[in-house]
Amino acid sequence: MDFQYSPEQLQLINEVARFAKKESAALAKDYEDKSIFPRGLHKKIGQKGWTGPIVPKAYGGMGKGALEYCIIMEELSKELITGPQTSVQLEKMLLSFGTERQKRLYLPKLASGEYVAALAISEPQVGSSFKNLQTTAKKDNGFYIINGKKSHINLAGDADILMVFTRTDIGLTCLLVDRDTPGIRFEKRDPLGMRTLPVYDIFLEGCRVPGDHLLGEEGKGLAAFLTTFNLSRIGNASTLIGFARGCLEHAVSYARDRRVGDSRVVDFQGIQWLLAEMVAELEAARLIRDRAALAEDAGIEHTLNTSISKLLAAEVAEKIVSRAFSLTGSYACYRESPFDRYWREIKTLQVAGGSSEIMKNTIAREILRSYKF
Ligand SMILES: Cc1cc2nc3c(=O)[nH]c(=O)nc-3n(C[C@H](O)[C@H](O)[C@H](O)COP(=O)(O)OP(=O)(O)OC[C@H]3O[C@@H](n4cnc5c(N)ncnc54)[C@H](O)[C@@H]3O)c2cc1C
Numbered sequence: 002m003d004f005q006y007s008p009e010q011l012q013l014i015n016e017v018a019r020f021a022k023k024e025s026a027a028l029a030k031d032y033e034d035k036s037i038f039p040r041g042l043h044k045k046i047g048q049k050g051w052t053g054p055i056v057p058k059a060y061g062g063m064g065k066g067a068l069e070y071c072i073i074m075e076e077l078s079k080e081l082i083t084g085p086q087t088s089v090q091l092e093k094m095l096l097s098f099g100t101e102r103q104k105r106l107y108l109p110k111l112a113s114g115e116y117v118a119a120l121a122i123s124e125p126q127v128g129s130s131f132k133n134l135q136t137t138a139k140k141d142n143g144f145y146i147i148n149g150k151k152s153h154i155n156l157a158g159d160a161d162i163l164m165v166f167t168r169t170d171i172g173l174t175c176l177l178v179d180r181d182t183p184g185i186r187f188e189k190r191d192p193l194g195m196r197t198l199p200v201y202d203i204f205l206e207g208c209r210v211p212g213d214h215l216l217g218e219e220g221k222g223l224a225a226f227l228t229t230f231n232l233s234r235i236g237n238a239s240t241l242i243g244f245a246r247g248c249l250e251h252a253v254s255y256a257r258d259r260r261v262g263d264s265r266v267v268d269f270q271g272i273q274w275l276l277a278e279m280v281a282e283l284e285a286a287r288l289i290r291d292r293a294a295l296a297e298d299a300g301i302e303h304t305l306n307t308s309i310s311k312l313l314a315a316e317v318a319e320k321i322v323s324r325a326f327s328l329t330g331s332y333a334c335y336r337e338s339p340f341d342r343y344w345r346e347i348k349t350l351q352v353a354g355g356s357s358e359i360m361k362n363t364i365a366r367e368i369l370r371s372y373k374f
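All residue numbers for the sequence shown refer to our numbering, where the first residue is 2 and numbers rise by one.
1) Nearest-angstrom Cα distance between residue 109 and residue 228?
2) Can you give me the start and stop residues for the beta strand (DSSP E) that residue 276 sits inside?
3) Looking at the structure shown, is residue 1 part of a helix, part of a strand, or coil, going by DSSP?
4) Taking the C-alpha atoms as reference points, what is the distance between residue 338 and residue 180?
5) Let's test the definition: count the other Cβ atoms within 10 Å of the Cβ of residue 171 and tell me whether it reaches 16, buried, or not, exposed.
6) In the structure shown, what three-state DSSP assignment does residue 308 receive?
7) Between residue 358 and ligand 1, is the CB less than 7 Å from at least one heavy atom?
8) At which residues does the alpha helix (DSSP H) containing residue 15 begin and terminate?
9) To the nearest angstrom, report how far apart residue 219 and residue 174 are at their CA atoms.
10) At what residue ranges does the region 75–144 contain a whole run of the alpha helix (DSSP H), taking only runs of 4 or more?
11) Excluding the 5 residues flanking residue 223 on each side, which residues of the same chain have their C-beta closer than 7 Å to its C-beta?
12) Would you check whether ligand 1 has a heavy atom nearer than 7 Å to the C-beta of residue 88?
13) Which one of 349, 177, 210 and 268 has the shortest CA to CA distance from residue 161?
14) Throw me the rounded Cβ distance for the residue 187 and residue 122 pair, which I believe falls under 8 Å.
15) Going by alpha carbons, who is nearest to residue 124 out of 117, 134 and 115?
16) Using only the alpha-carbon positions, how far apart do residue 315 and residue 246 sit?
17) Tell me residue 164's beta-bridge partners as DSSP assigns them.
18) Taking only three categories from DSSP, how would you classify residue 226?
19) Please classify residue 70 as buried or exposed, where buried requires at least 16 neighbouring CB atoms within 10 angstroms.
20) Counting only the same chain and skipping the five closest in sequence on each side, list residues whose C-beta sits under 8 Å from that of residue 283.
21) Measuring only the C-alpha atoms, how far is residue 142 from residue 214?
22) Just the Cα atoms here: how many angstroms apart are residue 81 and residue 343?
23) Which partner residues of residue 169 appear in the DSSP bridge assignment?
24) If you reduce the DSSP assignment to three classes, tell me which class residue 55 lands in.
25) Judging by CA-CA distance, which residue of 153, 114 and 144 is the nearest neighbour of residue 128?
26) Hey, residue 111 and residue 52 are a contact pair by Cβ (cut 8 Å); roughly how many whole angstroms apart?
27) Would you say the beta carbon of residue 353 is closer than 7 Å to some non-hydrogen atom of ligand 1?
28) CA-CA distance, residue 265 and residue 21?
29) At a cut-off of 7 Å, is residue 308 close to ligand 1 when judged by its beta-carbon and the heavy atoms of the ligand?
30) For the region 272–282 and the region 299–308, state whether three or more C-beta atom pairs, one from each stretch, are separated by less than 8 Å.
31) Distance, Cα to Cα, residue 256 vs residue 288?
32) Consult DSSP for residue 242 and reduce its assignment to one of helix, strand or coil.
33) Could you say which of 147, 91 and 16 lies nearest to residue 206 if we only look at CA atoms?
34) To which residues of the same chain is residue 277 closer than 8 Å at the C-beta, ignoring the five residues directly before and after it?
35) Tell me the rounded alpha-carbon separation between residue 77 and residue 326.
36) Would you call residue 334 buried or exposed, if buried means 16 or more other Cβ atoms sit within 10 Å of its Cβ?
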């Protein structure tokens, strides 16, 4: 066992942290207020190579693994900067199931930050379970004709390319859809969190997609998606861990300076115990995330670990943002404090990317299937 990050990983942590602090301070508040995707910033992240962490160098990526991806997500989200989650999801799908042509077409653009991807699974009647997916794709002269509605899709109207999950005659099927394809329309939503990853509903009406835009095998879309879900869970866990760290940093900094009578807030033992619990739980969440990331890179079965990782990160982040209120009193109760945003981001990401209830279902299933007590 090795509990140390390598010198290169430590360097990456420092570099992303420095970048995120600087860019976060410079980012106009409008992006969050008006729910706008900061594409220029995404491109800057791409220029650093950080939008393609898992993409091999031959396709223009960093040629690194899941742990580097987690580091990037965590350090960016600590400063409330949107990480490349959806692009990395498409990269993973392409690397696992894409044709050589699809890889050459999309991976370099995703890895450089030129392209942005969206993942469209959820529908008005389909959230936690894919079984009832209603969007259809019918074959027609070498094309697929898609009809249906998708809901709550991050970046749908901003993305260059969308992974759209549909139902064909033989089962769930993933199709790559260009944003400007005729027959596709977007309606922007107004969510509490994830506002710099704008959320849209998508209307697909006779949307015609060439047959070679099939990603993976027809009818095997669900299996394909589930194999990439492990990476996305630890990406989301890392984002939540980053939010929790950001919250802690702000809360401790405030409580260090704030005097109550003759004491500083951080001098109260009750407050110190809160701090001790918060950091103990945060470190546990990071450890299980790191273990899951190493298992992902080693190709070891790790659904149990990735699900625990997303669950734990979501619970710890919620506890930390809630306790940030305890540490900072009235300061936290105003919108100009940073906790308003952290709270909205954390509550939203508890649901998106697989809710805590679904994580618990998966964990219980894995325990009963194969856990060594
Ligand atoms: C801001 C935001 C962004 C999103 N981005 C995307 C995106 O980019 N792409 C995409 O495809 N989807 C996206 N989603 C959708 C998200 O994945 C779903 O909202 C999520 O899976 C939950 O589905 P639901 O809201 O339909 O809840 P439902 O499935 O209706 O569930 C309602 C409640 O019941 C619980 N529940 C459901 N089933 C069970 C069960 N078997 N046991 C116990 N409890 C259960 C759930 O945890 C939830 O708390 C996004 C959602 C949000 C809010």
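We put the CB at the ideal spot given by N, CA and C, even for glycine. Note that the structure is predicted; figures quoted are calculated from it, not measured.
According to the structure shown:
1) 22 Å
2) Looking at the DSSP string, residue 276 is not in any beta strand (DSSP E); the run it does join, the alpha helix (DSSP H), is 270–299.
3) Look at the range of the chain in this structure, 2 to 374, and you will see that residue 1 is not part of it.
4) 37 Å
5) exposed
6) helix
7) yes
8) 8–27
9) 5 Å
10) 86–98 and 101–113
11) 131 and 173
12) no
13) 177
14) Contact flag wrong, Cβ pair sits at about 16 Å.
15) 134
16) 13 Å
17) 120 and 177
18) helix
19) buried
20) 242, 245, 246, 249, 317 and 321
21) 14 Å
22) 8 Å
23) 172
24) coil
25) 153
26) 7 Å
27) yes
28) 30 Å
29) no
30) no
31) 27 Å
32) helix
33) 147
34) none
35) 23 Å
36) exposed
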